[in-house]
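Report on the structure given below.
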Amino acid sequence: DIVFVELPEVGKSFNAGDAFGTIEAVKTVTDLFSPISGKIVAINEGLDSDPGKVNSDPYGDGWLVKIRLSDPDEKDGLMSSIAYEEIIG
């Protein structure tokens, strides 16, 4: 169960691969890494009161951040959710 999510401030910039926050479960804390380079334009403040949405609704109310791309070509290297599901089983 996820108990806490720490997200960056809006306006902060990250490169692909940079840690931008943390996610805490009952027994572990894990860094969150940016899949692309860009600037944070929104964070999901709803996770403050219900961090479990990251697991229960990751494509809806459990979103983490919105990033304005600094290099749109980086999108080409991202994996689709379907391809990811195939890898993790």
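So the sequence shown is residues 159 to 247, counted in the numbering used here.
Note that beta-carbon positions come from the ideal geometry of N, C-alpha and C, so glycine has one too.
Remember, it's a predicted structure, so these values are computed and weren't measured experimentally.
Is DSSP giving residue i helix, strand or coil here?
| i | result |
| --- | --- |
| K211 | helix |
| A174 | coil |
| I194 | coil |
| G179 | strand |
Near residue i, which residues of its chain fall below 6 Å by C-beta distance, leaving aside the five closest residues on each side in sequence?
| i | result |
| --- | --- |
| G235 | none |
Let me check understanding here. Comparing Cα to Cα, which of the options lies closest to residue i?
| i | options | result |
| --- | --- | --- |
| D231 | V163, K170, S195 | S195 |
| I198 | S238, I160, E244, V168 | V168 |
| E182 | L165, F172, S239 | L165 |
When you compare only the Cα positions, how much space is there between residue i and residue j?
| i | j | result |
| --- | --- | --- |
| G179 | T186 | 14 Å |
| S207 | D229 | 33 Å |
Can you give me the Cβ contacts of residue i inside the same chain, cut-off strictly under 8 Å, excluding the 5 residues immediately before and after it?
| i | result |
| --- | --- |
| F191 | G175, D176, A177, F178 |
Spatial neighbours of residue i within its chain, please: CB distance less than 7 Å, with the 5 preceding and 5 following residues excluded, ordered by chain position.
| i | result |
| --- | --- |
| P193 | A174, L236 |
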